[in-house]
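In order, the protein sequence lines correspond to chains R and L.
Mapping of the first sequence onto my numbering: residues 74 to 518, in sequence order.
Mapping of the second sequence onto my numbering: residues 74 to 518, in sequence order.
Where a beta carbon is used, it is the ideal one built from N, C-alpha and C, also for glycine.
Right, one structure below, let's go through it.
2 protein chains.
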Amino acid sequence: MKQADVVIVGGSAAGIEAAITARKQYPSKKVIVIRKEERALVPCGIPYIMGTLGSVEKDILPVAMLGNAELIIDEVTSIDREAKTVTTAKGGIIGYDKLILATGSRPVVPRMPGVDLSNVFTIRKEIDYLEKLQKALKQAKDVVVVGGGFIGAEFADECRKMGLSVTVVELLEHCLYLNCDEDFCISIEGKMREVGVQVNTTCRVKAIVGDQKLDYVECEKGLHFNADVVILALGVVPNTELASDAGLEIGEQKGILVDQYMITSDPNIFAIGDCAEKFCFFTGKPTAIRLASVASREARIAGANLFQPRRRRNQGTIGVFGTMIADTSTGVAGLTERAARDLGFDLVIGEAAAPDRHPGSMPGARELRVKLIFDRSTAKLIGGEACGGVTAGEIANVLAQAIAAGMTANDIAISHIGTHPALTASPLVYQIVNAAEEAIIKLPR
Amino acid sequence: MKQADVVIVGGSAAGIEAAITARKQYPSKKVIVIRKEERALVPCGIPYIMGTLGSVEKDILPVAMLGNAELIIDEVTSIDREAKTVTTAKGGIIGYDKLILATGSRPVVPRMPGVDLSNVFTIRKEIDYLEKLQKALKQAKDVVVVGGGFIGAEFADECRKMGLSVTVVELLEHCLYLNCDEDFCISIEGKMREVGVQVNTTCRVKAIVGDQKLDYVECEKGLHFNADVVILALGVVPNTELASDAGLEIGEQKGILVDQYMITSDPNIFAIGDCAEKFCFFTGKPTAIRLASVASREARIAGANLFQPRRRRNQGTIGVFGTMIADTSTGVAGLTERAARDLGFDLVIGEAAAPDRHPGSMPGARELRVKLIFDRSTAKLIGGEACGGVTAGEIANVLAQAIAAGMTANDIAISHIGTHPALTASPLVYQIVNAAEEAIIKLPR
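Printed below as a string of structure tokens:
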């Protein structure tokens, strides 16, 4: 029987980051990562394989990152918590002192006629499967993406870069409606349409239709869209079977239940990433946010807590996210206005737009718009959205730090900001600061 | 006699921002801005007039920003603090309830033979003067920039974009040595040389030589550099004559002395921007940092405190700055390693480099390097530097928020970060987080 101080089940973003952190924090400990895949993908890069990168080979997570941790290609089939061992598909038994579950998630497959037809794909993190998808796309003319969340929107954008005729079908009122507020969604949808993607919102798919060969996607209200390929981008469900079979508790949002130290209901087992339950930074309640950046953060927390359980504490998930559709980037941190209202917050909103370089005549300057969402009772920032050029991604990170620090509108209005003509807005109109100033005049004195 | 609730002397970044803030915070108050210049320049844009923008006209601060504040083109020549009036060069007398001094700074002119020769320029914020400089550059072949701080380096880069043969002469060991640590300076100098700028450091200018026409710049050790134009970029001195003539106290760093609310030694007079004394966020001691972003921040503080003196408090200047030389951007927040050691801090340094997109095969990806400087005794972040592509500017702002919030290395290692293939590094190698992880292993447990 093999034995390690730390056994990590799963070797995507979360598993690899946990191994790196464990080795860094406890250099004398032996760490084993067990994963099914010989090679794993950079998860966020998956849509970009299709058009921008052009091949799966360009989106491989380098195994060298694991350093001195041992990688075993196998599948863990059960956990014996009493014996502190895991059993694998190939019949191996590996003993652990601490176990980290990073088993990830799998795509939601809707119950709908036609989902089993050939050329109907979900978005699996599997090399062969994605190669098959890419090959199908190369032979296609019409593609329908079902689900207009950010993954669906990114896939649609990549397919149109491949020269395909692309239709997005989204059940909600807007694409990306769980990520951004309406005004931001509308401008993203505008961009999608501008580059030739057909966008259909408030639109329910009834069936995928075909006889042998895929034919079309049938929606309510008599709409149907021709399809040589259908991509189902309807979100993910956490992989928790291994955990629940071992008797670990599962949370309300269907993730493996964990505490603030990423420890499950068994003190020797941690869970991180898509398979683990998340708690909202603002309410402490379970939340469905699942992102590679969140997984990586949880891995850093778990990895540090392995043998000294309270080195790092998870204060909950803020949720910081970026996307780029056509030439327009969007960054979001924390709650949207809609989500915050649904949670019962009384809000004050501040907005500002300005060129992202200064003066506005600097080459490459374009408008960048920021919306900030404050809790009226405390004046604290609880969410922010930015839309514009490539800096919108890091602007979301500026906002995330402000949220985490509990900064109020007044703090942000006089926050320390650096500016440069080629890199940022002018200090006189720096969007985050000016949006805070706009909110302040609406706040009680 | 004219009368206003608020009189602001100076209408560059600080004065305009103070007027905007005053009007926003106290909409019923009458605000007058008095400045010499009919039109003012975007200060940070001045180097870019030369090559990138191509004309002074593209770098004008829009007067519309002043909104309902009144603009008077005139020069304030004295303050009568008893009568609460200012007198102008045109003979006007204007009464104030609150007075804000935003008189700015002027270039240092060294005592050196030849500084009065024609075609020897400093960097004045004056339209006609800069037009004259630009005209001289257009007729020149060889340009010598004396002073390799960031303004000097930016001017040098712009002159080479104009096709000129450019030499930078810097007294210190490195260009930008007051802004960045040695390794970052070396890579900026490398970029300058790569694009054809001659860089001479540890080099003292003895004289500017010419007979009628400018001829060359003579340095110690027998070096001399041909020059059709010389640009002196040796920093600024605050304009405090008006304040000192009125009996206001002047600080150690030669700025008008102010408290945490930007109030001078007269409770009815505020001072902001380059003319005001600055205090270091980390030590509380006077500091020589002068930036448009700092001026703008002080204006927001003063503007809010006018009639309710403690709405906004200045906790001191962190100093956040960005520059771009050739195709390489640098962002800095807080103390450099060198400055922190000089102040007596015991430090722990963490560094990390990674592509600024992910996977690294994404088009346009380039390396972005981050260095973080922590105070060993508290593990708090006190400085950070980033060098790479265009996002380095906003990354400095992420760092600034972390510094202001008092985040420790551990806080940063598990900070909430959003990532996206086209916008940021991978979450597994996000530079700020990984640099914090590197520092942590050197910190006492």
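Could you tell me which residues DSSP puts in a beta bridge with residue i?
i, result
"G404/R", "G395/R and A459/R"
"T497/L", "The partner list for T497/L (beta bridge, DSSP) is empty, contrary to what the question assumes."
"L445/R", "G423/R and G457/R"
"H297/L", "E291/L"
"K75/R", "I167/R"
"C353/R", "T390/R"
"S317/R", "For S317/R, which the question treats as bridged, DSSP gives no partner whatsoever."
"E371/R", "BP columns for E371/R are empty, so no partner."
"I261/R", "According to DSSP, which records beta bridges pairwise, I261/R is partnered with nothing at all."
"T240/L", "V217/L and Q271/L"
Mind pulling the chain R residues with CB within less than 8 Å of residue i?
i, result
"M435/L", "G118, Y121, T125 and L126"
"Q333/L", "Those do not exist, as Q333/L stays about 11 Å from chain R at its closest Cβ, beyond 8 Å."
"H37/L", "Since the displayed chain L opens at 74 and closes at 518, residue 37/L lies outside it and no answer follows."
"K131/L", "P432 and S434"
Grouping DSSP H, G and I as helix and E and B as strand, with all else coil, what is residue i?
i, result
"V506/L", "helix"
"I487/R", "coil"
"T161/R", "strand"
"F223/R", "helix"
"I362/L", "coil"
"P428/L", "strand"
"L206/L", "helix"
"P180/R", "strand"
"A482/R", "helix"
"I196/L", "coil"
"G376/R", "helix"
"K279/R", "strand"
"N273/R", "strand"
"E90/R", "helix"
"T150/R", "strand"
"I345/L", "coil"
"I119/L", "helix"
"R108/L", "strand"
"V268/R", "coil"
"I514/R", "coil"
"T125/R", "helix"
"L249/R", "coil"
"E255/R", "helix"
Kindly list, in the order they appear in chain R, the residues whose Cβ is closer than 9 Å to that of residue i.
i, result
"E231/L", "Ordered by position in chain R, no residue passes the 9 Å Cβ test against E231/L, which lies about 11 Å from the chain."
"E90/L", "P500 and L501"
"M397/L", "H493, P494, A495 and L496"
"I514/L", "K97, Q98 and P100"
"M138/L", "L501 and V502"
"G222/L", "By Cβ distance, chain R contributes nothing, its closest Cβ being about 14 Å from G222/L, past 9 Å."
If you check the beta carbons only, do residue i and residue j fall under 7 Å apart?
i, j, result
"V302/L", "A213/L", "yes"
"T274/L", "E255/L", "no"
"R520/R", "D339/R", "Past the boundaries of the shown model lies residue 520/R; chain R is included only from 74 to 518, so the question cannot be answered."
"F354/R", "G389/R", "yes"
"R108/R", "G84/R", "yes"
"L516/L", "G456/L", "no"
"F194/R", "I323/R", "no"
"A425/R", "A508/R", "yes"
"P500/R", "S369/L", "yes"
"R154/R", "A319/R", "yes"
"L124/R", "K208/R", "It should be pointed out that residue 124/R corresponds to Gly in this sequence rather than to Leu. In this structure, K208/R does not lie closer than 7 Å to G124/R by Cβ."
"L134/R", "A316/R", "no"
"T94/L", "A344/L", "no"
Since residue i and residue j should fall inside the 8 Å C-beta cutoff, what is the C-beta to C-beta distance between them, to a whole number of angstroms?
i, j, result
"A478/R", "I513/R", "Contact doesn't hold; Cβ gap of about 18 Å is too wide."
"I146/R", "E111/R", "5 Å"
"V217/R", "A300/R", "4 Å"
"P432/L", "G263/R", "In fact, because the Cβ distance is near 29 Å, the residues do not count as touching under 8 Å."
"L420/L", "A413/L", "6 Å"
"A162/R", "I105/R", "About 15 Å separates the two Cβ atoms, so there is no contact after all."
"V115/L", "L203/L", "Actually they are not in contact, since the Cβ atoms of V115/L and L203/L sit about 12 Å apart, beyond 8 Å."
"I490/R", "N470/L", "6 Å"
So which residues on chain L does residue i lean against when the C-beta distance must stay under 8 Å?
i, result
"I173/R", "In chain order: nothing, as chain L lies at least about 16 Å away."
Mind pulling the chain R residues with CB within less than 7 Å of residue i?
i, result
"R373/L", "A486 and I487"
Starting from the beta carbon of residue i, find every residue of chain L whose beta carbon is closer than 9 Å, and list them in chain order.
i, result
"T464/R", "V463, T464, G466, E467 and L496"
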